[in-house]
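Going by UniProt numbering, the sequence shown runs without a break in its numbering and finishes at 897.
Note sheet for the following structure.
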Amino acid sequence: MGTNRPIPTNTQREPAVGTSDSIEYIDLEATGVSGTGDLPLTTYPMQDDLQPSDYQAQDSWNVSEEICYGMLHDIGAEVRWSVDTVEQDTIRLPDGLFLSLSINFEDKYAKLQTTGGFPTAVLNNRTHQGLSSISNETKARAQVIVEYTTWVDANNKFRELEGKETSSVCFQTRIILSGLRDEGNTVAKLLANCNLYLQEPMLGATHLLYENPQSLDLPHPLFTTGGLQDIQELETVLVDDSEHDSELVNPTAEDMSSLLVDIDAFLNNMPVHAYLQAYQEDRRILSSLLPHQREGVDFMNRREIGICPPEVALWKLQLSTNEVQYYRHVITGAKSPSMADCRGGILADDMGLGKTLTTLSAIVGSLDRAREFALFGGDRSAKTTIIVVPSELLMNTWENEIKKHIMYSAVSWLRYHGPERHDYDGKLSSYDLILTTYGTAMVEFRDREAALYGRTWYRVVLDEAHVIRNSSSKQFEAVSNFSSNIRWCLTGTPIQNSLDDLGSLVRYLKVPVLEDGTAFRKHISKLQRSASSPKGEFENLKLLLSSICMRRTKNILPGLGHITTDVRPEFSQKERQRYSGLEIACKRAITLAIGSKSQKGTHHGVMQALLRLRMFCNNGLCVSSTAATALGSQTPPDEVLSLLQQGGQAMCSYCSCDIVSISSHIDSDASYLTQCLRLVCHECTAQYRSEYQAEGEANCPLCQSRHQIDNSSRGDTEITVQSTYPSKIQQLVQDVQAHYMRDKCVIFSFWKKTLDIVEGCLVEQRLSVLRIDGDVTTRKRNAILSEFQSRSASRILLMTFSTGAVGLNGLTVANRVHILEPQWNPAVEHQAIGRLLRIDQAERVTVIRYMMRRSIEEVVQSKQHRKLQLAGGGFASGEGKAEQLHHLTSIINQNTG
């Protein structure tokens, strides 16, 4: 039937591996292989002629009943003997033709052999250790199956290489485990000790009842995975086949506004993943993980391996009328012969809860799986995890966390950024971890032969993943086109302005069925109404998030909370008079807008009037009267950015990425505002500059007008010297002085002009300050942060929201934070405050929010504005626009009258 031949001496070798947890194979010649040993883990039959009665629901619950525990996927093996004929060992399953092998244990290795007893390969050491322990302590049985073509290719390649000094021949197998129900916990524990995890077996692979002992609190299963009759007739149907009792309807503006108003509560009350266990910490992680971080690592492992329990799965096993098994999507009703799911998900823990350490722990704990993927995943497969961050500052943060938490030399890592990155293009797959930026990915994507797009990476992690919430941006396109086995999104704000934000993340993750935009809008963005919930709920949204997303809030760590104080200063008499004039002008703009047919003019006029009201609350009479005129080429860039953000238009003119930080200097590290009030992100400034016809004045490639390329003189002369500072600023300075000797503080404002006034007032009081805004380079920011952290004399840091909300984590030496004005988008405030609320925060943080009494700021703070959706793209059209504008007038009168 077949022959077995030992490998010649010069080909019996151990693969070259780098670390103790790599995939290893025993040198068989050194162990003196001879004959066949006992086989404690015996083979059970693979049946393809089962009757429907073999897989009907079980009425009894017998602990001694034999069950299928599940299947180990992608288990590495190395060819050590060639076998001539194996046709009689093949079996046909719905997924194709497979070779059935048994396991033969020796002291130091596990041989795979045909049913005739002819050895062909050995399992890797990790799997051998786990299965050997099981065979010693339980009566469990094992069956190894290999795709037939895979085995044939490996066998032929081995014959070609016999006698040659070259690398070993490896292939991937799947191992199905079965045994007694009451031994399931023992099997689960022994497998987990070796980082082995069971998944659902392939359809038709066993007639036994399937119960995974590594999933906790499972309901009694209704079906097994057996039964092959007519399975070929069932095709994947990725279309709507919903038979829900409830009705899906388009949400009204009021429905969506209610969701937006309560979005924080919605996210913070997501279902708890009660099935999670505390992850056993890896010795290569130097820091102790908190309980929620250990559960977070367990969640990531389960999502990556595919062992989440049925209650959070998006697919349920069903039985058709002709008794054929299939999987049905719990949200869309789509049908499939297999349970398709994405590997990865969303880690949406509140800022400060240690998502970085959780992620690094998951990466370190899966190094062996990553290396297996590189060996067996194909010619382009790499063990590498790519971590994409928004800025070089955040790259520095990840670098510091790697050095702080991971044992030296336990992982190999690389910063892939800047012109020098190309020196490493041919070596990327040799690293365990690579740090890069969204901007670098975008630049690389333009060159389809670039190194980042030449491999299939083991894992891609997006930090601050809300950066890609605009699915039409080039950043989204760049990261979505990474080829990877696993995808993760890290963000504390997966939904900011609309459900489309989440839709972009789902599309990036490639969640089956729902990655299609039409399906997402139909099933997730719609209300689900039923007899028990006539008003409707976003039930499908909850189902989706409970499956792919984990979120914990700071409430799980009582010591990490913060104290919030609202300060509401009164305008002085002169300030009130000036404010009232601006308020009248704002109401006039709204009245004109109600009767206007111009959507663009309506949007711009009202937003500009609102911006002037908001800025006056900060700057008071320090702003000259000419500043209240229309925005133009001399308006400071941050004011233009504020206006564009209010209208949902703060995007790069080239790549459509979101702009959060701005400068008037084209050579700065921030995004750039042109003379014609267009935005260009930092990564696209080179393209913008190159498209100019000549230096100095030339035709702008964006507006075709002639103007200078540099805006360095923009908006420098609008501060008016006053004998008294604005009422709000006076209140701020009083608080800073009162706590100066005990507390370091950070002062946030959106506008640099406000920081100019604050800085001037503090300097008059002989208080030294540090400052970071969009015009400060990355290198200078690092130096300023270092000084703020290390020097006791540096006690006050001024910062714009745009620079503080993304990329700065070195603020935990401060325990007092001042928010000088409320933001239309609450996520901006949350992200800024989150930079101080970290696990390593020594003292409880006090947050002071300033809102002028009876002003537009009380409207912004009240959440009523969310009903206007002003932070998400402006006003509607027709009757919807008029309704929004009337409501805006009403709440302004209510809060400022």
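In this text, a Cβ means the ideal position worked out from N, Cα and C, and glycines have one as well.
Given that a residue counts as buried once 16 or more other Cβ atoms are within 10 Å of its Cβ, and exposed if not, what is H886?
Residue burial annotation: H886 is exposed, with fewer than 16 other C-beta atoms found within 10 angstroms of its C-beta.
Thinking just about the alpha-carbon of each residue, which of H405, G439 and I363 is nearest to the one in S658?
Inspection of the sequence shows that residue 658 is occupied by Asp rather than by Ser. Nearest C-alpha to D658: G439.
Rounded to a whole number of angstroms, what is the C-alpha to C-alpha distance between A140 and G76?
21 Å
Quick one: residues in its chain with C-beta nearer than 8 Å to the C-beta of S504, no 5 flanking neighbours on either side, listed in chain order?
I468, R469, N470, S471 and F476
Report the rounded CA-to-CA distance for S546 versus E311, giving the unit in angstroms.
9 Å
Should S379 go down as buried or exposed, given a rule of 16 or more other Cβ atoms within 10 Å for buried?
The sequence shown places Asp at residue 379, rather than the Ser named in the question. Classification of D379: exposed, given that the 10 Å Cβ count is below 16.
With a floor of 3 residues, list each beta strand (DSSP E) that falls wholly inside the segment 353-438, ordered by position along the chain.
List check, beta strand (DSSP E) in window: 385-389, 413-415 and 433-437.
Given L552 as reference, the closest of L347, H523 and L452 once Cα atoms are compared:
A small correction: the amino acid at residue 552 is Arg; Leu does not occupy that position in the sequence shown. For the residues L347, H523 and L452, the minimum Cα distance to R552 belongs to L347.
Comparing alpha-carbon positions, which option in D775, L797 and G774 lies nearest I784?
L797
Using only alpha-carbon positions, find the residue among W457, Y275, H422 and G333 that is nearest to I363.
W457
Any idea if A793 is buried or exposed, counting beta-carbon neighbours within 10 angstroms, 16 or more meaning buried?
exposed
Would you identify the three-state DSSP class for I495, choosing helix, strand or coil?
If DSSP states are grouped into helix, strand and coil, I495 belongs with coil.
I'd like the span of the alpha helix (DSSP H) that includes H292, first residue to last.
P291 to I305
Between R343, H128, Q318 and L357, which lies nearest to R294 when the distance is taken from Cα to Cα?
L357
Quick check: the Cα distance between I524 and L541, rounded to an integer number of angstroms?
5 Å
What does a CB cutoff of less than 6 Å around N136 pick up in its chain, not counting 5 residues either side in sequence?
none
W151 versus R487: straight-line alpha-carbon distance, rounded
If you take the alpha carbons of W151 and R487, they lie about 29 Å apart.
Take R791 and list the residues in its own chain whose beta-carbon comes closer than 8 Å to its own, dropping the five residues that flank it on each side.
none
Check whether chain B comes within 8 Å of D298, counting only Cβ atoms and requiring the distance to be less than that.
Chain labels in this structure do not include chain B; a single protein chain is all it has.
Pairing CB atoms from the segment 478-486 with CB atoms from the segment 404-414, are three or more of them under 8 Å?
no
Spatial neighbours of L360 within its chain, please: C-beta separation below 7 Å, excluding the five flanking residues on both sides.
E401, I402, H405 and I406
Distance, Cα to Cα, S381 vs G344?
17 Å
Tell me where the alpha helix (DSSP H) around A157 begins and ends.
Note that residue 157 is Lys in the sequence shown, not Ala. Segment Y148 to L161, the alpha helix (DSSP H) holding K157.
Just the Cα atoms here: how many angstroms apart are Q325 and T206?
13 Å
With a threshold of 7 Å (Cβ to nearest heavy atom), would A827 be considered close to the ligand GDP?
Although the ligand GDP was asked about, the structure shown includes no ligands whatsoever.
What span of residues does the alpha helix (DSSP H) with P826 cover, start to end?
P826 to G834
From which residue to which residue does the beta strand (DSSP E) around T456 run?
T456 to D463
Which term fits G426, buried or exposed, when burial requires 16 or more other beta carbons within 10 angstroms of its beta carbon?
Per the 10 Å Cβ criterion, exposed.
Using a Cβ-Cβ cut-off of 7 Å (strictly less than) and excluding sequence neighbours within five positions of I307, which residues of its own chain qualify?
Y197, L198, Q199, N212, Q214 and S215
Quick check on this structure: which residue in E65, Q649 and Q318 has the alpha carbon closest to the alpha carbon of S473?
Q649
Would N770 and V736 be called neighbours here (beta carbons separated by less than 8 Å)?
For the sequence presented, residue 770 should be read as Leu rather than Asn. No, Cβ-Cβ distance for L770 and V736 is not below 8 Å.
Name, in chain order, the residues that DSSP records as bridge partners for M442.
The beta-bridge partner set that DSSP reports for M442 is empty.
Would you mind reading off the limits of the beta strand (DSSP E) that contains G70?
E66 to V79
Supposed contact pair L131 and A121 - C-beta distance, whole angstroms, cut 8 Å:
Not a contact, Cβ separation roughly 14 Å.
Return yes when the Cβ of L209 is within less than 8 Å of the Cβ of I67, no when it is not.
yes
State the Cα-Cα distance for the pair T889 and R849, rounded to the nearest angstrom.
24 Å
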